Every structure is written in C-alpha cells, then in structure tokens.
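Down below is the structure, laid out as structure tokens.
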Amino acid sequence: MTEWPDSLKAFFFAFWAFFGIYYGDVLYIAQQHSFFTTDLEALRPVWEKPYGSLWIIGRALLQAFHSPFWGGTLLSGMLTLISWLSGYVFRLRGRFGYLKYIPAFVFIYVVVYHGFDIYYQAETGKLLGIPFCILLILACQAVFVRSFSRKKLSGLFTPPAYNRPLDEWKAMGFILILGAGAVGMNEWYRPYVRPTARMQRELERQDWKGMQATASRSDLTYGTVAAYYAISRMEDENDVPKVPIDMLPPTSRPIYLHNRDGNLENVRNYFLMDYCIASEQYPIAYELGKADLKTEGPSPLLLKQMVRICLALHKKEEARSHLNVLRTLPFEKDFIETYAPETQE
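Taking my numbering, I'd label the letters of the sequence shown as residues 4 to 348.
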C-alpha cells in the first residue's frame with residue numbers, strides 16, 4: 004500500500020488549516036465580494052478585460068469559500084499540486100526538495116500582506132485565478148519534461164526513492180517555520196483583518212453577541228473593528244443611540260487599505276454601508292450602493308445590502324430586481340427565501 008510523503012501530507016493539512024480555519028472568514032468575505040453567475044451576459048464586462056477568462060475561472064473557484072472548509076480543501080489541494088509539480092519540473096530532490104514549497108509560501112505571504120486589498124475594490128478572480136494558471140503551466144511543463152526525458156513522473160502518493168528521512172524532516176521544518184511566520188505576520192502587521200471579517204460574517208447571521216465577543220478579543224483602536232462593534236451595539240440594544248457616521252470619533256491606528264487606483268483609502272469607506280444601515284441612514288446607504296453598483300459592479304454582498312436598503316425605503320420593485328440577480332448566483336438560497344416574501348406587493 005502506497006503512502007503519502009510526510010512533507011506533502013504536512014503541507015496539505017497545514018495549508019488547509021490556514022485557509023479553511025484560520026483565514027476562512029476573510030476568504031468567505033472575499034467570496035461575498037466576488038460576482039459569479041450562471042448568466043453569461045452579466046459576466047461580459049469581466050470577459051472584456053485583459054485576462055478576463057482567467058479571472059472568471061478564478062471567481063468560479065472562489066465560490067468554494069462560501070464554505071471555508073471546502074474552499075480551504077480546494078486551495079490547499081491546488082497549492083499541494085503546484086509544489087509537487089515544481090519539484091518534478093525543476094528537479095528539486097533530496098536535500099533541495101524543500102525548495103519546491105517556496106511558490107506556495109510566496110502566495111500565502113502575498114495574501115496576508117494585502118489583507119483587505121485582496122477583495123476591496125479589486126479583481127477577486129486573481130486570488131484563485133493566478134494559482135490556477137500556475138498549476139496549468141506546471142502541468143504542461145511536466146508533460147513536456149516527461150515526454151522528452153522518458154523519465155517516469157514520481158507518484159503523488161509515493162515518496163521518491165532518493166528522499167532520505169532527514170530530507171523529509173527538513174522539508175517539514177521548513178513548512179512549520181514559514182507557516183508560523185505567515186501567522187505571525189498576520190497577527191503583527193494585519194491584526195484587524197480576521198476580526199473584521201469574522202464580525203462581518205456574524206453581522207450577516209445577526210449574531211450581535213458574537214460580534215461583541217469578537218470585538219472584546221480584538222483591538223478597538225482599529226477603525227473597522229470599532230465600527231462593527233458599534234453596529235452590534237446599535238442592533239442589539241434599544242437604548243444605544245443611532246450615531247451618524249460623521250459623528251464617529253477618529254481611530255488612532257492606521258489600516259492598510261487601497262482603492263481601485265492603488266491610492267490609500269479612507270478606512271470608513273470599508274464599513275460605511277453597513278454602518279449606515281445599522282444607524283438607519285437608509286438614503287445615504289442607498290446612494291452609496293447605487294454608486295458602488297455603477298463603479299464596481301454587483302457582488303453578493305452588495306446585492307444583499309441593496310435588498311435590505313430598498314425594503315427599508317419601500318422600494319419593493321427595485322428590491323425584487325436585486326433579488327432576481329441573486330437568484331442567478333450560487334449559495335444565496337437562504338437569503339432569497341428570507342427576503343422574497345417582503346418584496347411582494
């Protein structure tokens with residue numbers, strides 16, 4: 004019976020734990036910012052972009068993160084294959100075998116470094132589209148190498164004969180150190196990203212106590228964390244006043260956030276719509292939503308926000324229109340069933 008190489012096994016489960024559990028909330032929010040539909044005409048603006056077909060594939064793959072468990076499994080599997088093929092194509096064997104994991108760790112560090120920027124006013128298809136492209140290129144190179152070298156491709160589930168136990172331990176140590184470094188980098192340089200994304204998921208579930216518990220474990224001097232904590236208080240406690248957005252006190256800690264032009268963004272723009280909905284500033288939220296639909300295009304998150312806003316403003320026909328677009332998206336059945344009765348005349 005064949006056995007999976009220890010280093011590949013450690014790599015797969017370490018990356019699954021990172022993307023499926025540790026960073027799962029962030030990638031769920033990325034999926035909520037990513038518009039992918041069965042209506043091909045609605046995707047025409049993406050098709051017409053440079054590399055548009057690749058970005059659409061990336062958006063399709065990103066939908067798996069509606070369940071971080073399965074999304075983490077998919078992405079970890081892709082990165083495991085990239086590492087395996089890198090070792091074969093570039094002949095990284097024996098004491099140099101650990102080097103095949105470098106491309107995957109470059110990816111994880113780039114994702115952590117960019118934080119909110121992987122989905123905020125960004126092309127979300129790049130997140131999984133680029134690894135997919137790299138995997139495809141490496142697969143083609145592996146076929147080319149196999150065809151001309153007449154050398155058998157080492158089995159994915161069978162450790163090559165030239166790998167000594169010491170080499171496997173070296174590879175696992177490399178994975179452990181760089182994996183811990185990625186977690187440390189996130190906790191030190193981007194400590195607000197995971198709590199904010201978690202609170203956004205809890206907001207979607209209307210779990211006000213959960214939002215407050217998350218905030219209590221986080222640093223409230225970061226604007227996004229403080230804003231979602233304020234939202235949870237306004238929604239959960241009737242005696243908490245609905246504070247207008249322009250009366251929020253400034254926060255002292257900078258947040259890494261850029262707009263579509265690559266310029267530093269005012270952090271309030273990240274949570275502005277959610278805050279306006281919670282504080283019942285629906286006309287402002289409506290104008291913000293219309294502007295985002297025009298400049299950024301639809302997304303599951305934006306469409307759901309617009310349904311709620313339109314219902315609050317008694318614009319039922321427009322709410323039905325947004326709900327009809329949501330019907331073409333995967334995984335939004337629960338939201339549709341909840342709000343469809345309210346959109347009826």
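By construction, the Cβ of each residue, glycine as well, lies at the ideal position given by its N, Cα and C atoms. Predicted model only: the values in this text are computed from it and were never measured.
When the Cα of residue i is compared with those of the options, which residue comes out closest?
i, options, result
"Phe147", "Gly132, Val92, Lys12, Lys212", "Val92"
"Gln347", "Asp337, Glu335, Cys313, Lys336", "Cys313"
"Gly182", "Val113, Leu296, Lys319", "Val113"
"Asp222", "Pro257, Pro247, Glu207", "Pro257"
"Tyr232", "Arg220, Pro247, Gln215, Val246", "Gln215"
"Phe68", "Ala322, Tyr31, Asn189, Lys297", "Tyr31"
"Asp28", "Thr199, Gly90, Tyr116", "Thr199"
"Ala149", "Leu88, Arg98, Arg208", "What sits at residue 149 in the sequence shown is Arg, not Ala. Here the closest residue by C-alpha is Leu88."
"Leu139", "His261, Ile85, Arg96, Tyr225", "Ile85"
"Lys103", "Ser10, Leu206, Tyr26, Gly300", "Ser10"
"Leu179", "Tyr101, Gly265, Val115", "Tyr101"
"Leu260", "Tyr123, Asn327, Asp239", "Tyr123"
"Gly80", "Phe22, Tyr289, Pro303", "Phe22"
"Ser389", "Arg47, Pro286, Pro303", "Missing from the structure shown is residue 389; the chain here goes from 4 to 348 and no further."
"Leu275", "Tyr195, Val196, Pro344, Pro247", "Pro247"
"Tyr54", "Phe135, Glu190, Ile105", "Phe135"
"Arg98", "Cys143, Trp172, Pro48, Ala142", "Trp172"
"Glu190", "Ser219, Ile121, Tyr116", "Tyr116"
"Pro194", "Ala288, Thr227, Asn266, Trp19", "Thr227"
"Pro301", "Gln34, Tyr25, Ala20, Ala142", "Gln34"
"Glu238", "Gly265, Gly176, Phe108, Asp210", "Asp210"
"Gly132", "Phe110, Glu299, Tyr273, Cys143", "Phe110"
"Glu321", "Glu51, Gly292, Asn262", "Gly292"
"Arg323", "Glu205, Ala343, Asn272", "Ala343"
Per DSSP, residue i is paired with what?
i, result
"His261", "Leu267"
"Arg256", "Tyr225"
Give the secondary structure of residue i by DSSP, where H, G and I count as helix, E and B as strand, and everything else as coil.
i, result
"Thr346", "helix"
"Tyr225", "strand"
"Gly292", "helix"
"Pro48", "helix"
"Phe22", "helix"
"His117", "helix"
"Lys12", "helix"
"Asp337", "helix"
"Tyr54", "coil"
"Tyr91", "helix"
"Glu283", "coil"
"Phe38", "coil"
"Tyr123", "coil"
"Thr5", "Note that Thr5 scores a pLDDT of 45, beneath 50, so its modelled location is shaky; the value from the coordinates is reported in the next line. Thr5 falls in the coil class under three-state DSSP."
"Lys318", "coil"
"Gly27", "helix"
"Ser70", "coil"
"Gln209", "coil"
"Glu190", "helix"
"Lys103", "helix"
"Pro303", "helix"
"Leu332", "coil"
"Phe160", "Since pLDDT at Phe160 reaches only 45, below the 50 mark, its modelled position is unreliable, and no value is offered."
"Arg204", "helix"
"Tyr232", "helix"
"Glu238", "helix"
"Lys129", "helix"
"Arg167", "coil"
"Lys297", "helix"
"His325", "helix"
"Arg220", "coil"
"Lys173", "helix"
"Tyr112", "helix"
"Val246", "coil"
"Tyr195", "coil"
"Ala17", "helix"
"Arg96", "coil"
Within the present structure, is the beta-carbon of residue i separated from the nearest heavy atom of the ligand GTP by less than 7 angstroms?
i, result
"Tyr104", "By its list of ligands, the structure shown contains no ligand whatsoever, and the ligand GTP lies outside what it can speak to."
query = Counting pairs of Cβ atoms below 8 angstroms between the stretch 62-71 and the stretch 122-136, do you hit three or more?
reply = Because the criterion of three Cβ pairs below 8 angstroms is met, the stretch 62-71 and the stretch 122-136 touch.
query = Taking contact to mean at least 3 C-beta pairs separated by less than 8 angstroms, is the stretch 33-50 in contact with the stretch 326-333?
reply = A contact exists between the stretch 33-50 and the stretch 326-333.
task = Examine the Cβ distances between the stretch 276-291 and the stretch 7-27 and report whether three or more of them are shorter than 8 angstroms.
result = Output reads no: the stretch 7-27 does not touch the stretch 276-291.
request  = May I ask you to verify whether the stretch 308-323 touches the stretch 67-82, counting CB pairs closer than 8 angstroms and requiring at least 3?
outcome  = Output reads no: the stretch 67-82 does not touch the stretch 308-323.
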